[in-house]
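J.: Encoded as structure tokens, here's the structure I'll be asking about.
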Amino acid sequence: MPPLIVFMITRTAIGFTIGTAVGLFLWFNGLSQISTSSAPEKWLAFGLFIYLFASTFGGGYLATALMQDDV
Numbered sequence: 111m112p113p114l115i116v117f118m119i120t121r122t123a124i125g126f127t128i129g130t131a132v133g134l135f136l137w138f139n140g141l142s143q144i145s146t147s148s149a150p151e152k153w154l155a156f157g158l159f160i161y162l163f164a165s166t167f168g169g170g171y172l173a174t175a176l177m178q179d180d181v
């Protein structure tokens with residue numbers, strides 16, 4: 111596989127992992143009233159919340175890596 115593709119996949123995965131960790135931290139520490147709710151929609155909100163953080167951090171990490179590294 112070309113080095114640029116490997117670079118992009120690894121940097122996106124690292125950013126996605128960091129975003130997931132931040133989203134989980136905020137969900138369980140900052141949104142305790144939602145996380146203790148018994149509503150069935152809380153799992154949809156949980157998934158979307160985590161995905162939005164993960165995709166934002168993944169794209170941001172990739173963009174920063176591409177701007178700063180000469181691949």
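The sequence shown begins at 111 in the numbering used here and counts up one residue at a time. Every residue, glycine too, gets a C-beta built ideally from N, C-alpha and C. Predicted model, so just to flag it, every value in this text is computed and none were measured.
R121 to G168, Cα distance in whole Å?
T.: Each residue's Cα considered, the two are about 7 angstroms apart.
J.: Tell me which residues share the same chain as F126 and place their Cβ nearer than 6 angstroms to its Cβ, disregarding the 5 neighbours each side in the sequence.
T.: Counting only Cβ-Cβ distances below 6 angstroms, and skipping sequence neighbours, we find A164 and G168.
J.: Below 7 angstroms CB to CB, which residues in the same chain sit around L172 once its five sequence neighbours on both sides are set aside?
T.: Hits under 7 angstroms: M118, R121, T122 and G125.
J.: Count the other C-beta atoms from every protein chain shown that fall within 10 angstroms of the C-beta of G157, then say buried if there are 16 or more, exposed otherwise.
T.: So G157 counts as exposed.
J.: Run through DSSP, which three-state label would M111 get?
T.: M111: coil per DSSP, three-state reduction.
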